[in-house]
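I have placed the structure first, in the form of structure tokens, so that the comments after it can refer back to it.
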Amino acid sequence: GAYAYIFRRSNRLLQNIKLDILSNKEPFSFGIIETSILLGSINLLFLIFIFVQLMYLFGGEKTIAFHGYTYSQYARRGFFELIAVAVISFFIILLTEKFIFRKETGHTIQFKILSGLLIVLVILIMVSAFKRLLLYENAYGFTVLRLYSHLFIIWLAVIFILLLYKIFINRRENIFVLCTFISIIVFLIFINLANPDAFIANQNIKHYYKTDKLDVWYLIQLSEDAIPVTIKVLEIKDEHLRGEFAMGLNWKRENILEHRSYYNKWQSFNLSRTRAIQILESKSKKLKELSNSYMDYINSTNNNSYNLPCDSYY
Numbered sequence: 122g123a124y125a126y127i128f129r130r131s132n133r134l135l136q137n138i139k140l141d142i143l144s145n146k147e148p149f150s151f152g153i154i155e156t157s158i159l160l161g162s163i164n165l166l167f168l169i170f171i172f173v174q175l176m177y178l179f180g181g182e183k184t185i186a187f188h189g190y191t192y193s194q195y196a197r198r199g200f201f202e203l204i205a206v207a208v209i210s211f212f213i214i215l216l217t218e219k220f221i222f223r224k225e226t227g228h229t230i231q232f233k234i235l236s237g238l239l240i241v242l243v244i245l246i247m248v249s250a251f252k253r254l255l256l257y258e259n260a261y262g263f264t265v266l267r268l269y270s271h272l273f274i275i276w277l278a279v280i281f282i283l284l285l286y287k288i289f290i291n292r293r294e295n296i297f298v299l300c301t302f303i304s305i306i307v308f309l310i311f312i313n314l315a316n317p318d319a320f321i322a323n324q325n326i327k328h329y330y331k332t333d334k335l336d337v338w339y340l341i342q343l344s345e346d347a348i349p350v351t352i353k354v355l356e357i358k359d360e361h362l363r364g365e366f367a368m369g370l371n372w373k374r375e376n377i378l379e380h381r382s383y384y385n386k387w388q389s390f391n392l393s394r395t396r397a398i399q400i401l402e403s404k405s406k407k408l409k410e411l412s413n414s415y416m417d418y419i420n421s422t423n424n425n426s427y428n429l430p431c432d433s434y435y
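Right, dumping it as structure tokens:
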């Protein structure tokens, strides 16, 4: 009994000592000097990169002509360079901000300046990537992927501004996470309410009036949300584009009508589709006339090698 009592008392004493040691242990943190050297080096590297690549980043059409890039290559490289820079910078700033030694009133002025400068440099690269996408769209028009890339860059800029606010105002991590989550929700709601397909169709029709170039088959494969806008293509001056579009849109109309019994079920009800069917039915006569006229033109030119792009859309 005495041995058991001594063992229990000794064990309890050791546990109390262990708890005291743990409670007095200093939390892990980066020193101000080490963090300043790290962020200063990265800022210097980014400044040199931007200075050396200034013509490449912001040169636009001159850079494309000089280096022999295509618009697609120029835009894609800019976008993926941005992603790489943004991801690396974000985690470096977030980790150093979390573990750097700070006063009760907040971060030191050195850390605020260095991290703020790094965020500004990242946003400069975002502006470059955004501009490259605009050049691509001015040359070839809008697509869903290009539009979403634009929106993603804007959202990424918002996240970095939130991070900058967190550093300067000394907000807690959970506030930053909450704001990031809210920004994602707002971003998704905006995409759903803004009707991106209709926007893309409208921009491409405007692009046609400036350049006389229009990818009618891309417009045809857009969702029913775009039909109130794409129907305007039936009024353009180019007879062949008008006929080609009418032929594709008429096939799309027939495809929708073929599945109308399924779409009429309440589980499958869609307001945009219902509106699109009404528009297509009101233009059915004109669609058939232009479609038949265009098919006669194809047959008269003996163009046996003509491929129907819309075969792959349905």
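According to this note's numbering, the sequence shown is numbered sequentially starting from 122. We put the beta carbon where it would ideally sit given N, CA and C, even for glycine.
query	result
In three-state terms, what does DSSP make of SER344?	coil
Could you tell me the boundaries of the alpha helix (DSSP H) in which SER270 lies?	265-290
To which residues of the same chain is ILE244 closer than 7 Å at the C-beta, ignoring the five residues directly before and after it?	ALA278, PHE281
Can you give the beta carbon distance from ILE341 to LEU370, rounded, assuming they're within the 8 Å contact cut?	6 Å
Decide yes or no for the touch test of the region 295-306 against the region 261-274: beta carbon pairs closer than 8 Å, at least 3 of them.	no
Is it the case that the region 354-373 contacts the region 404-419, given that we only count it when at least three CB pairs across the two stretches are under 8 Å?	yes
For the alpha helix (DSSP H) containing ASP336, list its first residue and its last residue.	No alpha helix (DSSP H) contains ASP336, which DSSP labels as neither H nor E.
Is there at least one non-hydrogen atom of the ligand PLP closer than 6 Å to the beta-carbon of LYS327?	Ligands are entirely absent from the displayed structure, and the ligand PLP is therefore not among its contents.
For LYS404 and ILE352, what's the separation of their Cα atoms in angstroms?	9 Å
Give the DSSP-derived three-state secondary structure of HIS361 in the structure shown.	helix
GLU360 CB to nearest chain C CB: under 7 Å?	In summary, chain C is missing from the structure at hand, where a single protein chain is found.
Here's the rule: buried if 16 or more other CB atoms are within 10 angstroms of the residue's CB, otherwise exposed. What is LYS219?	exposed
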